[in-house]
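Going by the numbering used here, the residue at position 230 of the sequence shown is 230; the numbering climbs one at a time, nothing skipped.
For each residue, glycine too, the CB sits at the ideal point set by N, CA and C.
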Amino acid sequence: MNLFGYTLDGLRDYFSGIGENPAKAGILFDAVYKRGVRDFAELGFSERVTSRLCGDLSLELPKITEKLESADAAKLLLELSDGELIETVLMRQRFGNCVCVSTQVGCNMGCAFCQSGFMKKRRDLATEEIVGQVLAISSAFDCKIDGVSVMGIGEPFDNFQSVSDFIAIISHDKGLAVGRRHVTVSTCGIVPRIYDYADLPAPCSLAISLHAPNDALRSRLMPINKKYPIADVLDAAEYYSNKTKHRVALEYIMLSGVNDSDEHARELAKIIAGRDFYVNLIPYNSTDSEFTKSDAARLAEFCGVLKDGGVIATKRREFGADLKAACGQLRADRSAKSK
């Protein structure tokens with residue numbers, strides 16, 4: 001088993017199961033996450049315990065096969081133990097370093113504007129493979145991680161348990177201690193899992209990939225809408241905001257001539273009126289799809305209409321487009337090695 005797949009509670013159970021004091025779990029957690037220990041012999045445990053740990057637990061991280069970097073972003077192509085590939089991104093933001101992690105190899109959601117969905121899901125990532133992305137970025141670029149976006153390849157709530165364990169590990173005080181408000185999970189709108197997420201003991205921030213103000217358009221852009229229409233998605237998001245007292249981000253990618261008219265903005269303002277949401281407008285990043293980017297003037301006008309309608313709206317800062325590492329551009333097939 002890989003150590004990075006264990007939550008602290010899971011590690012306590014492991015030590016109890018081998019007849020050892022479960023308090024050793026906290027010592028081990030603190031050592032590997034806070035001090036970066038990668039050798040069980042450095043923990044100061046007895047030879048018996050050290051030998052058992054070496055036999056039972058691995059400290060292996062995904063293999064870095066490609067490393068790209070620009071002034072404000074960086075990207076790693078990572079090879080997993082079975083040879084599958086994923087990408088993970090470092091964004092150097094004003095508040096600190098934020099990692100965007102992937103949760104699946106490929107994606108089954110099929111959003112029309114997203115590069116990740118061009119390869120169907122091959123498998124879910126294990127918890128240790130998601131944690132490993134954060135540790136690989138931190139090591140490769142020698143940086144402290146201040147925030148995490150679960151917005152890379154895959155649909156996080158289609159891999160709910162691994163993602164839940166991942167956020168429990170990285171946000172724990174003895175783990176990487178990333179503040180929960182600086183960890184955001186983004187979903188295309190798997191309604192039952194939004195409720196489950198809200199009911200976790202300590203959920204992190206939530207973002208909903210909305211991208212359209214009505215079901216007809218959203219179903220064309222995002223097939224998941226045919227199963228979970230907008231009204232159901234927004235009701236689930238409101239349940240989360242009411243229970244957690246956290247404002248929900250509604251992500252809205254701006255596609256020229258498709259979803260960016262003033263009428264679309266007015267329609268969007270109407271369906272979210274009175275809820276504790278805000279809209280994060282995302283400039284479209286070029287992929288192999290048919291869409292083009294709304295120009296800056298259109299985005300500004302759209303944002304103004306939302307604000308006139310009483311909606312808090314922001315424009316997402318653009319990161320990594322020159323590395324094919326921006327929103328919607330990540331992919332995980334073999335051809336990524338040559339890109």
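Proximity below 7 Å, CB of Leu80 to CB of Thr88: no
Grab the span of the alpha helix (DSSP H) containing Leu90 for me, first residue to last. Segment 85-93 is the beta strand (DSSP E) holding Leu90; no alpha helix (DSSP H) there.
Where does Cys327 fall in DSSP's three states? Note on Cys327: pLDDT 48, under 50, position unreliable in the model; the coordinate value appears next. Coil, per DSSP.
What separation, rounded to the nearest whole angstrom, lies between the Cα atoms of Phe160 and Glu128? 14 Å
Please report how far the alpha carbon of Asn21 lies from the alpha carbon of Leu57, in whole angstroms. 17 Å
Express the C-alpha separation of Val305 and Asp262 in angstroms, rounding to a whole number. 7 Å
Between the CA atoms of Leu281 and Glu290 - distance to the nearest angstrom: 20 Å
Considering only residues of the same chain and omitting the five flanking positions on each side of Val101, which have a CB-CB separation below 7 Å? Thr88, Ile130, Gln133, Val134, Val148, Val150, Gly152
Does the separation of the CB atoms of Leu53 and Phe40 fall below 7 Å? yes
Segment contact, 8 Å Cβ cut-off, at least three pairs: the segment 108-118 with the segment 162-171: no
Would you mind sorting Leu268 into buried or exposed? The rule is 16 or more other CB atoms within 10 Å of its CB. buried
Could you pull out every unbroken alpha helix (DSSP H) segment of at least 4 residues lying fully inside the segment 11-74, listed in chain order? 24-34, 47-56
Please report the straight-line C-alpha distance between Lys270 and Lys24, rounded to a whole angstrom. 54 Å
Exposure of Phe95, with buried meaning 16 or more beta-carbon neighbours within 10 Å: exposed
Considering Cα atoms alone, identify which of Ala249, Pro223, Val258 is closest to Lys293. Val258
Check whether the Cβ atoms of Ile230 and Asp215 lie closer than 7 Å to each other. yes
In whole angstroms, give me the CA-to-CA distance for Gly309 and Tyr252. 16 Å
Nearest candidate by alpha-carbon position, reference Cys111, set Val105, Ile18, Pro156, Cys188: Cys188
Rounded to whole angstroms, how far is the Cβ of Thr103 from the Cβ of Val163, which I believe are closer than 8 Å? 6 Å
Out of Leu68, Leu210, Lys315, Cys303, which one is the CA nearest neighbour of Tyr228? Leu210
Comparing alpha-carbon positions, which option in Tyr197, Lys307, Ala296, His172 lies nearest Arg317? Ala296
Taking only the alpha-carbon atoms, compute the straight-line gap between Ile18 and Leu59 and give it to the nearest angstrom. 19 Å
Beta-carbon spacing of Met254, Leu221 below 7 Å: no
Return the residue from the list Arg266, Ala73, Gly154 that minimises the CA-CA distance to Lys307. Arg266
Assign Pro192 to one of three DSSP states: helix, strand, or coil. helix
For Phe157, I'd like the list of residues in its chain whose CB is within less than 6 Å of its CB, leaving aside the five on either flank, ordered along the chain. Thr187, Ile190, Arg193
Just the C-alpha distance for Ile27 and Cys107, rounded to the nearest angstrom, thanks. 37 Å
Range of the contiguous beta strand (DSSP E) that encloses Leu281: 277-283
Identity of the residues DSSP links to Lys245 by a beta bridge: BP columns for Lys245 are empty, so no partner.
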